[in-house]
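Residue numbers (the working numbering): 8 to 385.
Cβ coordinates follow ideal geometry from the N, Cα and C atoms, glycine included.
Report on one structure; see the data block that follows.
If you want it as structure tokens, here you go:
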């Protein structure tokens, strides 16, 4: 029987139209975009078109888009490029307690180089209070980085308000929008951020392509050095086929946002209602009162570890809120930051929906999860 894929927050399938758009640039259109001959010019034009498509999606100028290899590189360029240049008297970074490792570990790396880092806690729903960010900012703060939507809980942070706090204090603002771009409207002209991360494989493009929005005038030092591609911020011959794929994915994301999000939200809520109706107090919903992505459901099953529960359901592809390391189960840093007891957080399961999720998928997933939990708790 066909498996059920509810792990869209981990990665998405490459949709056929994206694959078709990139295919010619893997074969007949093989020129270097920096070359002046016809093959090169065709690839240069394709890169420019893709940049236009991404900029329209984000509400910015094309020259403010820097193509990268993905979300991790974009986050590293934002943090290291801001703090590893010449910070002068401003070598302080503020991040939140619920960041992706590509931000939190990059921050640890900066600490090794003498930069100071402050971590702002979240509340019990996983929300970052703009006032808490304001209190964390010091005279030497250079950058604040708070993710737009959480990869585990789906919580949408108040980025516009946090950005206002930063700019009132002459501090740059970065947000990791890898989980939100393509799922909900994300426009930099509305958020007001200086730097924003995009990850292609979260929005139906292949793995290995992403982008960083860099507001005009934002000081940023390149972390890769060479021939000066991408406005001097990301050296190396452009990966034309992947860039074209991201451009196509950006176009698709703009076509039916008003239809997709409500459908996924209805399916997500249906899944939760079925699980909670059957399991009652044996299941709890994370970030229940917070604004969340319409496609993300994070729940805790009592009496089982999430990874053990999922391992007993091979037909279901989903993720846990925990990481297994050296034979021991570690609870999610996000859920720990929210104050969940270890015994509760170990039962966490993340169910994330996408374009191809159907009502039948939701009904079957709910049945499989309920049956598996009941078998393990007899």
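- Here the alpha carbons of residue 205 and residue 227 stand approximately 17 Å from one another.
- The beta carbon of residue 171 is closer than 8 Å to those of 137 and 199 in its chain, skipping five residues each way along the sequence.
- Inclusion of residue 124 and residue 139 in the CB contact set at 9 Å is not warranted, their separation being larger than that value.
- Between residue 28 and residue 38, the CB-CB gap reaches or exceeds 9 Å.
- It is roughly 26 Å from the alpha-carbon of residue 337 to the alpha-carbon of residue 11.
- Annotation: residue 300 to residue 156 spans about 7 Å, alpha carbon to alpha carbon.
- By the Cβ-count criterion, residue 223 is exposed, with fewer than 16 other Cβ atoms from all chains shown falling within 10 Å of its own Cβ.
- Rounded to whole angstroms, the separation of the alpha carbons of residue 295 and residue 256 is 30 Å.
- The stretch 306-368 contains, as complete beta strand (DSSP E) runs of 3+ residues, the segments 329-332, 335-338 and 355-359 (chain order).
- Between the stretch 177-189 and the stretch 78-86 there are three or more C-beta pairs closer than 8 Å, enough to call the two in contact.
- In this structure residue 141 is buried. Its beta-carbon is surrounded by 16 or more other beta-carbon atoms within 10 angstroms.
- Excluding sequence positions up to five before and after residue 167, its CB lies within less than 8 Å of the CB of 197, 198 and 199, all in the same chain and listed in chain order.
- Counting only unbroken stretches of 4 or more residues, the alpha helix (DSSP H) elements lying wholly within the stretch 98-170 are 108-119 and 137-143, in sequence order.
- Residue 246 is a Cβ neighbour of residue 216, given a cutoff of 9 Å.
- Counting C-beta pairs closer than 8 Å gives fewer than three between the stretch 265-275 and the stretch 235-245, which falls short of the contact rule.
- Around residue 176, the same chain offers 141, 144 and 148 as residues with beta carbons nearer than 8 Å, after the five sequence neighbours per side are excluded.
- If you draw a 10 Å sphere on the C-beta of residue 305, you find 16 or more other C-beta atoms in it, and that means buried.
- Here residue 238 is exposed. Its C-beta has fewer than 16 other C-beta atoms within 10 Å.
- Secondary structure note for residue 60: its alpha helix (DSSP H) is the uninterrupted segment 45-65.
- Only residues of its own chain outside the window of five on either side were considered, and among them 208, 209 and 214 have a CB closer than 8 Å to the CB of residue 18, listed in chain order.
- In this structure, residue 344 lies away from residue 313, with their beta-carbon atoms at least 9 Å apart.
- For the 9 Å CB-CB criterion, residue 129 and residue 104 form a contact.
- Residue pairing by DSSP puts residue 180 in a beta bridge opposite 151.
- Distance from the CA of residue 363 to the CA of residue 274, rounded to the nearest whole angstrom, comes to 12 Å.
- According to the DSSP secondary-structure assignment, residue 234 is paired through a beta bridge with no residue.
- For residue 258, the secondary structure class from DSSP, reduced to helix, strand or coil, is helix.
- By the CB criterion at 9 Å, residue 253 and residue 219 fall outside the cutoff.
- A residue is called buried when at least 16 other Cβ atoms come within 10 angstroms of its Cβ; residue 380 meets this threshold and is buried.
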